[in-house]
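Visitor: In the working numbering, the protein residues as written are 98 to 666.
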Amino acid sequence: MKNKLSLLACIVISFIYTGHRFYYADIGQGEPLKVTDWDALGYYLYLPSTLIYHDYKRLDWFPAIDSEYHVSGGEFYQALKHENGNYFYKYLGGVAIMQLPFFLTAHLYASNSAHYQADGFSPPYQYAIALGNLVYFIIALFLLRSFLLLYFKDETVMVSLLLMTLATNLIQYIAVNGGMSHGYIFPLYVFILWATYNWHESPRFLWAAAIGYIIGLGTISRPTEAVMLFIPLLWNTQNKETATKKWDMVREHIPHVIIAILSGLLAIVPQLLYWRSVTGSFVYDVGSKWSFLNPFFRVLFGWEKGWFIYTPVTVFFIAGLFFVKKYPFKNAVIWFCILNIYIIISWFDWRYGGSYSTRALTQSYPVFSLSLAAFVHYLQGKKWKGIFYTLGIYLIAVNLFQVYQYNNTILHFNDMNRNYYSVIYLKAHPSPLDMSLLDTDDFLSDENAYSPAVLIQDTFKKEITPFNPVADTLISLRSADWIKVRVKLKIISGIWNSKIKASLGEDAHFFRLENAISKEGVENEYEFYLKPKAAGLQKLVITVESSSGMTGRQHLLYVVQLQTAQPEL
């Protein structure tokens with residue numbers, strides 16, 4: 098069997114992705130699978146509103162659905178109200194078009210089932226959308242393998258596919274957050290690569306039409322995907338001679354260009370008709386905001402969720418751009434990757450909501466796989482190839498572990514920082530002290546160099562009510578002292594957005610109550626350091642603050658240990 102290494106890699110990847118899908122499906126955990134929520138809901142709304150409720154303007158059906166399934170995230174930001182009274186979807190409809198076959202299958206099943214509601218959000222629909230994403234991915238994976246084998250050897254393709262799929266955040270947005278747009282757009286990039294290659298090898302109307310339609314569908318999935326136009330546009334322009342031949346061929350096939358344009362327009366017609374129906378205009382601005390003159394490079398390098406920080410294998414995606422010059426896709430890949438990254442880091446909401454690493458780049462990984470493969474090909478025969486392969490295995494292991502951390506809220510979806518990441522790196526069970534670093538820079542790294550000068554057990558033991566919310570004590574401090582506070586707190590409900598406020602003199606510190614190791618209804622432990630800014634007699638005040646409805650006498654605060662640490666002499 099030819100090219101069996103890359104074939105085996107695709108099979109292994111498919112099993113790992115499928116395993117992750119069912120591992121994170123919450124089967125038997127009392128919470129059914131739910132993938133059509135938050136941003137994913139915005140892409141999905143087109144289907145139930147049109148095909149089940151026949152109401153995509155007023156959305157009178159949605160409050161009852163949200164009350165039952167809790168899919169909006171608490172605030173219905175996925176649709177906004179137009180001045181004419183209609184709702185218009187904030188997200189475009191291309192993803193819904195790709196979801197349609199799986200939605201119809203689920204609706205047929207639910208409509209003939211005695212166990213599930215045919216309401217667009219019951220378990221059959223959730224599994225259909227999640228598994229539909231996976232089906233598209235597996236098909237695209239094998240197609241991408243075949244495409245890479247046109248230019249690279251079997252071993253190179255195997256290594257490239259393993260790193261692209263298992264050492265990056267792609268697995269999160271295919272196998273876990275299966276309702277997001279990224280996984281559905283991923284195959285479009287594989288399709289555009291194939292269509293572009295085939296048209297340049299043998300120009301036909303079919304391939305020209307496919308190129309136009311894929312670009313159009315990608316554009317109404319996420320408008321930024323229009324950048325994929327540069328793939329066919331710059332293909333076979335790697336040098337002056339090939340560029341001349343390419344443009345001569347284009348001029349000889351002007352009807353193909355026209356077909357491609359018409360196919361692209363045909364692909365975006367559904368979106369234009371939708372906008373016309375709900376807003377009265379064929380083209381409508383749903384609220385895009387960009388900062389092209391001041392891009393956010395922290396999207397790539399920031400500790401919040403930087404692409405190169407949390408998925409460092411992507412550094413080789415960029416390194417590979419220096420090794421593609423001999424390939425026909427040279428300019429297409431270089432310019433696409435540069436422009437794509439520039440667009441992504443220029444979006445005003447540079448955090449891209451809750452995410453693991455930079456999720457907005459995941460759908461375009463098939464294009465990045467070409468530069469990665471070029472880099473891996475370069476390593477063949479080099480003496481440090483083995484080191485790179487070993488590093489690749491390590492990065493795969495780290496990434497899969499971080500996916501576990503992310504889905505257990507250890508790797509925070511929005512508020513990561515350097516100190517916190519350093520203490521939870523490859524740690525499955527962080528401590529309360531570790532969790533405090535989400536909210537403070539005060540951290541005594543070498544506690545052994547200090548001696549506990551004062552240790553007061555049960556300093557505070559007070560019931561927190563709206564009328565008695567504070568526990569306080571006076572402490573005599575030296576300028577080099579640290580304070581370590583351990584708090585036990587039981588909250589029956591209202592942990593979300595609630596905080597511990599620790600005030601020391603004029604300094605106030607806030608520590609979130611909800612973290613990866615806290616739960617409602619049980620006694621949770623919180624631990625943190627405070628570094629006094631002044632010596633002398635200081636008043637330490639512990640307060641519980643909430644914006645989520647903590648009420649009555651349900652919330653008990655115990656500061657069970659207060660310790661001042663002084664440096665050893």
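Backbone N, C-alpha and C fix where the C-beta goes; we use that ideal spot for every residue, glycine too.
Predicted model only: the values in this text are computed from it and were never measured.
Any idea what DSSP makes of residue 555, helix, strand or coil?
Guide: Confidence is the limiting factor: at residue 555 the pLDDT is only 44, short of 50, which leaves the residue's position unreliable, though a coordinate-based value still follows. Correct three-state label for residue 555: strand.
Visitor: If you measure from the beta carbon of residue 120 to each beta carbon in chain D, is any gap under 8 Å?
Guide: This model lacks chain D altogether, as it is built from one protein chain only.
Visitor: Report the CB separation of residue 409 from residue 332 in whole angstroms; it is logged as a contact under 8 Å.
Guide: Incorrect: roughly 30 Å between the Cβ atoms, too far for contact.
Visitor: Can you tell me whether residue 570 is helix, strand or coil according to DSSP?
Guide: Strand.
Visitor: Let me check understanding here. Comparing Cα to Cα, which of 353, 620, 363 lies closest to residue 312?
Guide: Closest by alpha carbon: 363.
Visitor: Roughly how many angstroms separate the alpha carbons of residue 261 and residue 267, rounded to a whole number?
Guide: Taking the straight line from one Cα to the other gives about 8 Å.
Visitor: Closest to residue 623 by C-alpha separation, out of 633, 600, 528, would be which residue?
Guide: Checked all of 633, 600, 528; the closest Cα to residue 623 is 528.
Visitor: With DSSP run on the structure shown, which of helix, strand or coil describes residue 128?
Guide: In the structure shown, residue 128 sits in coil (DSSP, three-state: anything other than H, G, I, E or B).
Visitor: Could you pull the DSSP bridge partners for residue 368 from this structure?
Guide: According to DSSP, residue 368 bridges with nothing at all.
Visitor: For the segment 627 to 639 and the segment 578 to 587, state whether three or more C-beta atom pairs, one from each stretch, are separated by less than 8 Å.
Guide: Short answer: they touch.
Visitor: Grouping DSSP H, G and I as helix and E and B as strand, with all else coil, what is residue 650?
Guide: A caution first: residue 650 carries a pLDDT of 39, below 50, which makes its placement in the model too unreliable to give a value.
Visitor: Within this structure, are the beta carbons of residue 602 and residue 631 separated by less than 8 Å?
Guide: The answer is yes: Cβ separation under 8 Å.
Visitor: Can you list, in chain order, the residues of its chain with a C-beta nearer than 7 Å to that of residue 475? Leave out the 5 residues immediately preceding and following it.
Guide: Taken in chain order, the residues that qualify are 420.
Visitor: Mind the definition here: the segment 381 to 401 touches the segment 243 to 251 only if three or more C-beta pairs lie below 8 Å; say whether that holds.
Guide: Judged by Cβ distances under 8 Å, the segment 381 to 401 makes no contact with the segment 243 to 251, as fewer than three pairs qualify.
Visitor: Taking DSSP as the reference, what is the three-state secondary structure of residue 173?
Guide: Three-state DSSP puts residue 173 in coil, outside helix and strand.
Visitor: Name the residue from 349, 191, 453, 642 whose alpha carbon lies nearest to the alpha carbon of residue 269.
Guide: When each option's Cα is compared against that of residue 269, the closest is 453.
Visitor: Rounded to the nearest angstrom, what separates residue 499 and residue 242 at their Cα positions?
Guide: Cα-Cα distance, rounded: 26 Å.
Visitor: Can you give the beta carbon distance from residue 318 to residue 192, rounded, assuming they're within the 8 Å contact cut?
Guide: Confirmed, Cβ separation roughly 5 Å.
Visitor: Round the Cβ separation of residue 637 and residue 610 to the nearest angstrom and send it over; I've been treating them as touching at under 8 Å.
Guide: Rounded, the Cβ-Cβ distance is 19 Å, inconsistent with contact.
Visitor: Residue 650 to residue 599, Cα distance in whole Å?
Guide: Summary for residue 650: the model assigns pLDDT 39, below 50, so the residue's position carries little reliability; its value from the coordinates is reported in the next sentence. Between residue 650 and residue 599, the C-alpha separation is close to 21 Å.
Visitor: What does the Cβ neighbour count give for residue 606, buried or exposed, with the cut at 16 atoms within 10 Å?
Guide: Residue 606 is buried by the Cβ-count criterion.
Visitor: On the three-state DSSP scale, how would you describe residue 599?
Guide: Strand.
Visitor: Within the same chain, show all residues whose beta-carbon is closer than 7 Å to that of residue 213, passing over the 5 residues directly before and after it, in chain order.
Guide: Around residue 213: 207, 219, 220, 221.
Visitor: Can you list the alpha helix (DSSP H) stretches of 4 or more residues lying completely in the segment 415 to 485, in chain order?
Guide: If we require 4 residues or more, the alpha helix (DSSP H) runs fully inside the segment 415 to 485 come out as 427 to 441, 462 to 476.
Visitor: Around the Cβ of residue 526, are there at least 16 other Cβ atoms within 10 angstroms (buried) or fewer (exposed)?
Guide: By the neighbour-count rule (16 or more Cβ atoms within 10 Å), residue 526 is not buried but exposed.
Visitor: Using the three-state DSSP reduction, which class does residue 180 fall into: helix, strand or coil?
Guide: Coil, per DSSP.
Visitor: Which same chain residues, not among the five before or five after residue 229, have their C-beta less than 7 Å away from its C-beta?
Guide: Once the five neighbours on either side are set aside, the close Cβ partners of residue 229 are 196, 199.
Visitor: Distance check for residue 458 and residue 258, CA to CA, integer angstroms please.
Guide: For residue 258 and residue 458, the distance between alpha carbons rounds to 16 Å.
Visitor: Who are residue 548's beta bridge partners in DSSP?
Guide: In the DSSP output, where bridge partners are listed per residue, residue 548 has 663.
Visitor: What first and last residue would you give for the alpha helix (DSSP H) that runs through residue 676?
Guide: The chain is shown only over 98 to 666; residue 676 falls outside these bounds and no answer can be derived.
Visitor: Can you give me the start and stop residues for the beta strand (DSSP E) that residue 640 sits inside?
Guide: Taken as a continuous stretch (DSSP letters only), the beta strand (DSSP E) holding residue 640 covers 633 to 642.
Visitor: Are the beta-carbon atoms belonging to residue 156 and residue 176 less than 8 Å from one another?
Guide: Going by C-beta atoms, residue 156 is nearer than 8 Å to residue 176.
Visitor: With DSSP collapsed to three states, give me the class of residue 586.
Guide: In the structure shown, residue 586 sits in a strand (DSSP, three-state: E or B).
Visitor: Using the C-alpha atoms, what's the distance from residue 423 back to residue 432?
Guide: Whole-angstrom Cα-Cα distance: 15 Å.
Visitor: Going by alpha carbons, who is nearest to residue 265 out of 492, 181, 416?
Guide: Residue 265 has its Cα closest to that of 492, out of 492, 181, 416.
Visitor: Decide if the segment 611 to 618 is in contact with the segment 500 to 508; the criterion is three or more beta carbon pairs, one per stretch, under 8 Å apart.
Guide: These segments touch.
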